Amino acid sequence: MPGLIIDGKPVDVPTGATVLEAARKLGIDIPTLCFAPGFEAGAGCMVCAVRIDGKLRPSCATVAREGMVVESETADIMSARRQAAELILRHHAGDCEAPCQTVFPTGLHIPAMLRLVAAGKFDSALELVLRETPLLSLVAEVEDAPYERACRRAQHDGAVNIGGIVKHLSARENQQGTPSAPACREKINRKALLNSPGATGLAAAYFLLREGVSCAVCGKIQELPFPGDMAREIRRLEQMGLETTVGSAPEPDVIISPPESNPAQPDNVFICREEPNLFACLRAGRKLAGEVLRYLKIDAGTFSRRRSVHLGSISPEEMAVFLKNASAEARTEFSGKTAAAEISREAKRCLHCDCRAAADCRLREVAEKLGASFSRHGDRPFAFAVRDHNPRIIYEPGKCIACGLCEKLSEKNGVTAGLCLVGRGLGIKAGMPLDDWSRLAQLAQAEEYARVCPAGALALRD
Amino acid sequence: MTDNHLSAEDSSSLENLLAEIGSGREAVLPLLQAVQEKYGYLPETALRWLAANSGLPETALWEVATFYPQFRHCPAGKYEIHVCHGTACHVKGAPRISDAIRRYLKIPDGADTDPEKIFTLREVACLGCCTLAPAMQIGDLTFGHLTPASIGTALEDFLRYEVERTNPQIEPEVSDTDAEIRISMVSCCIARGCGEVRDAAEEFLRQTGVRAKLKEVGCVGLCYQTPMLEIISADKSSHLYLRVRPEDVGELLLRHFTPPGLLRHATATLAVKLDHLLGKAPAEEKSDRENAPGQLLIALEDCGRFAPCDLREYQSGGGFEALRKALDMTHAEIIGEIGTSGLRGRGGGGYPTAKKWRQVRENSGAEKYLIMNGDEGDPGAFMDRMLMESYPFRLIEGMSIAALAVGARRGILYIRAEYPLAVRRMREALRVAENARLLGDDILGSQFSFSLEIRQGMGSFVCGEETALISSLEGRRGFPRPRPPYPAESGFRNRPTLVNNVETFAVIPWIIRHGGEKFAAVGTGSSSGTKVFALAGRVRNGGLIEVPMGISVREIIERFGGGMEEGHALKAVQIGGPSGGCLPANLCDTPVDYEALAGTGAIMGSGGLVVLDERDCLVDLARYFMAFICQQSCGRCVPCRIGTGQMLEILEKLCAGTAREKELQELEKLAGYVKDASLCGLGQTAPNTVLTTLRYFREEYEAHLRGNCPAGRCGQLARYFITDNCIGCTRCAQICPVEAIAFTPYERHVIDQEKCVRCGLCAYACQAITLEQICRD
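So the protein lines, in turn, are chains A and B.
Just so we're aligned: the first sequence equals residues 71 to 532 in this note's numbering.
Just so we're aligned: the second sequence equals residues 12 to 788 in this note's numbering.
Take a look at the structure:
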């Protein structure tokens, strides 16, 4: 039972246990990427680095010894871990979020919406849109749908008609009569008062209501300079629980106010700026809601916008990779009478730039936690590529971080011709023996491979 | 062999390989090496056959086949050209040589073989012929002092040589006389023409019937003086001749031997021929070795006296006496003696040898292993190759003593694939030693049993790191492992393992014979004994030297290197290869001592010393080493795999004049991070050259930020320019490989800067062409 000291705290662990295990026993959180329980330690990613005897060591692979003194949470170790994550992200060729999603003011998951539309599931698509989009009737009316400019297909043969599809979904919802509201969390005993809100304020209210904060308007809702069915949107907000009739709420927890009306600002007053552009309002509103939630100490983990790696400009070869799984048809413009089937066909033009593993990617999570910068400067060393031979699993080599877990899984399962690390140095990547990718098709245990991959390079098709 | 299946003949020969080598995990590397030996590359069909018949998983074969750079996956040309890109060669223009070969052979971009499939071009880390820089090797021929203009001639010479080759390998008869003709025959001397001198001597003996033993001896260390001929006459007097040409050999030998009467006719003919040359043959000289009394020979003891694989000779000089002595000592006494000597590992790290031995000794376990690390891959170092080529028995003796001390019964010599002669000589010496019962069971009538085997690397520098070396021996890719556990606790096959460098083993017999105190008396307090250095670069006399620790770097240059090249001043010394660093001229009085060198930010490393002058750009040198490291990084840990890649990117921008101040700061930050966070010694020392050059030559980096390379080395920051001296002779236009100079006789020529690839060929052809800085200042 070696006893060691981590960040000044003593701990005893069984012989053979690693420093990582010892730290976890103490409740010290050390991030890991290339390490997975049940497999030999990777000692590669170095995001689990700790300092022992003045040297940075991978805690996952360092066996605890009697009398060891370990530093884990110092600023310089955190910076080394962050540096490791940044280096990995730099070589991670893919987008966490599709460019359209990143550009969309409230982060609507457009590719997911398009997949639903393509499958004819319009109601589910609408539900998804409403969950992230306040003032939908107004959004649908915005000319030229600016987020389409981010669509990667715009570089090729015209962006997917996302604006048309959003408009169609909005019109569909219109036909239903009463507006539908997104699912809201159960009300908690917190109240926000909105002083004469405009689009920004209403957008903030939309998200606060969604997260279970009660909202009331005092004063008059501003006249918005944007086209669209404003009355319908107010009805929708009311359905979500917005009180518009009360003059002033008794003892609100927070007050959301336009800049000029509150010269002296107590802590709980949040300034709400109305912007000349609807999308800027939505963006500001969402941000404001986030600040309020943080102030109210409401756990809204799913709320904060996540960071994303971006592929940036792509080569014609990479474009060809993206086009492989999309419909080859040209962009269609819609009219009021366009049939649903045609709208689904247009949705099939989506290149699915988003990452399948975006929601449960360990790399993204660890990098965010370490506060790593996701921006890439300089040239991208690896191309975006897809190996889609297997009916269930997709492999994107550009995203591989060479952790070796898939190789270890092959070894563990006795798969003699499974995935393994191929090459050396900068070029080392998971690959197939003899470069025989056709055999990826027969690869069993697809779920296991997808689960073990920490960077979304291996992911289930759907 | 067809593309799809193996012929019966092929599969039966593969079966033989399998039977001979075995099919366990450890056999992966030897099996693949054998397949490559047979086909020149790794054919897919052969790999599939191996996977199906050896029981080895395809993943195991493939991970190894793609990790080691020497494995080829497509057929090569008939001959392989290995262009050395070692430090000395780089400094003297190796990239231009590679470019010139590509152009001459019309090798397409991205390919490595010419369209006729005659030559395959490979850039290798170091041929260990630094004194011939820039050098290339084709087959067993080495060409030195190349220029882009001489490539065509060299390749034509090679092809002619291949046609004429008649395989004149006749073992010289051992004669019953004391008379000897000694010619050093190690890889670099052979490249300087020692082979031709040997052939001439052999021809002389055959024609004249003179009775003398023709002896190929190991390295003499005086590379710049080879080919060197030493004649020991029947009265045992020694006569030394330097820089001998094959045509001089007859005359020189006639000075000391009288041909027997029977062959007077032949001699007469010979003498007539020699008349023309009389007076041109070199005069007898005293060896520089004697002129340079500072050189104390321990590792290079008996330098140039013995035929490397002649056991009798080795024993006549006291060989295996140390082992005999050690057999009468207890292991504690042996380790104690090594401890007294103060010997520290010569591989670079300088870990006390006795301490390591004691750790292995104290670790329980019936099975222990001993490994000689002969994977010398530092560009710019070749002392280990020379030791293995010249003193194979001494290494066997040193290893045996170590095995006795730590209690190992089996040892492995891990030798770099690029050293075929070292492998051949070691293999021959092992065979001789086994026959003489100096290896095997009950050595020298004792209870001590020890066996040795040879394994070859496959061009992976990182395998010089002890844990990566062990991974490689175990049939895996050369990934280093986190330490602890150290190999002394759990190494090869998870057993206690002693890994020592070649030079460390080479000095062991001397220490045991003379006692540790005598060794400790040499050198400084913390760094005792001597160190072998490979001196190369801008010095007059490059070569292998053995110097006492504590001597200053400047003294090495002045006393052993003969000073700087004419007309040039010392700027810096790169010491210790890619792991080492750069000492500026004003710090060259630093003594060669582990601690003193570490104080400057450099390290002793394995002993490469490349001398630089004002023509050399230190940013370019840092870029060169970083490119080497990037190629050699195994890819296991992120700091080394990606961090060094990013450092290289910045250095390349600096050399191209496109880097910004912010990136220079980023380079410095990354250097610190890679040094701190890398898993093994390769990554931890990788930033040393960047860090030391930033420390001592920061202004040079800053000049590059302004788009100016003070040394004029960075091609993209300089251009060739035709001066007013041009008379319009068109030589430059004729030689230009990219038609950047128009063919305009009698008019002043002009270089089209857009087309110019800055190969420098025109500057070689004509004095009127000079290199000019592009300066944005």
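In this text, a Cβ means the ideal position worked out from N, Cα and C, and glycines have one as well.
Treat the numbers as computed from the prediction; the structure is a model and nothing was measured.
Comparing the C-beta of residue i with each C-beta of chain B, is any distance below 8 Å?
i	result
A:Gln537	Nothing about residue 537 of chain A can be read from this structure; chain A reaches only from 71 to 532.
A:Leu513	no
A:Pro451	yes
A:Arg280	no
A:Pro336	no
A:Leu126	yes
A:Leu157	yes
A:Val436	no
A:Val133	yes
A:Ser443	no
A:Gly448	yes
Measure the C-alpha to C-alpha separation of residue i and residue j and round it to an integer number of angstroms.
i	j	result
B:Asp687	A:Lys125	7 Å
B:Asp313	B:Asp120	49 Å
B:Leu264	B:Glu213	11 Å
B:Ile752	A:Pro461	58 Å
B:Thr611	B:Leu251	41 Å
B:Gly391	B:Val749	32 Å
B:Glu577	B:Glu711	24 Å
B:Leu288	B:Tyr90	Note that B:Leu288 scores a pLDDT of 40, beneath 50, so its modelled location is shaky and nothing firm can be said.
B:Asn597	B:Ser563	12 Å
B:Arg405	B:Leu728	50 Å
A:Cys523	A:Glu435	13 Å
Which chain A residues are close to residue i, counting only those with a beta carbon under 7 Å from its beta carbon?
i	result
B:Trp73	Cys490, Val492, Pro503 and Leu504
B:Arg83	Going along chain A, no residue has its Cβ under 7 Å from B:Arg83, so there is no contact; the nearest lies around 14 Å.
B:Cys641	Gly495 and Leu496
Quick one: which chain B residues come within Cβ less than 7 Å of residue i?
i	result
A:Gly114	Arg647, Cys648 and Val649
Quick one: residues in its chain with C-beta nearer than 6 Å to the C-beta of residue i, no 5 flanking neighbours on either side, listed in chain order?
i	result
A:Lys478	Phe109
B:Gly534	Gly540, Pro559, Met560 and Gly561
B:Gly468	Asp386, Arg427, Ala428 and Cys474
A:Asp165	His380, Leu381 and Cys423
Suppose the cutoff is 7 Å on Cβ atoms and the five residues either side in sequence are ignored; what does the same chain contact list for residue i look like?
i	result
B:Cys747	Leu772 and Cys773
If you measure from the beta carbon of residue i to each beta carbon in chain A, is any gap under 8 Å?
i	result
B:Phe78	yes
B:Ile481	no
B:Leu274	Reliability of the predicted coordinates at B:Leu274 is poor, the pLDDT of 44 falling under 50, and the value obtained from them is presented with this limitation in mind. For B:Leu274, the answer is no, since every Cβ of chain A falls outside 8 Å of its Cβ.
B:Glu660	yes
B:Tyr362	no
B:Leu716	no
B:Ala19	no
B:Ala688	yes
B:Tyr425	no
B:Gly656	yes
B:Thr70	yes
B:Ala277	Unreliable positioning characterises B:Ala277 in this predicted model, as indicated by a pLDDT of 44, which lies under 50. The coordinate reading is nonetheless provided below. So no, B:Ala277 is outside the interface.
B:Arg59	yes
B:Arg652	yes
B:Tyr6	Outside the modelled stretch of chain B, which goes from 12 to 788, sits residue 6 of chain B, for which no answer is possible.
B:Tyr635	no
Under 8 Å Cβ-Cβ, which residues of chain A neighbour residue i?
i	result
B:Ser644	Arg494, Gly495 and Leu496
How would you list, in chain order, the residues of chain A whose beta-carbon sits under 9 Å from the beta-carbon of residue i?
i	result
B:Ile746	Correct list: empty, because the minimum Cβ distance to chain A is about 35 Å.
B:Met495	Per the sequence presented here, residue 495 of chain B reads as Pro, with Met not at that position. Neighbours of B:Pro495 on chain A, chain order: Thr132, Val133 and Arg135.
Can you give me the Cβ contacts of residue i inside the same chain, cut-off strictly under 8 Å, excluding the 5 residues immediately before and after it?
i	result
A:Met310	Ala251, Pro252, Cys254, Tyr276, Leu279 and Arg280
Tell me residue i's beta-bridge partners as DSSP assigns them.
i	result
A:Lys257	Paired residue(s): none; A:Lys257 is not in a bridge.
B:His93	B:Arg133 and B:Gln148
B:Ala619	Just to set this straight, residue 619 of chain B is Gly in the shown sequence, not Ala. Looking at the DSSP assignment, B:Gly619 forms a beta bridge with B:Ala545.
B:Thr124	B:Thr131
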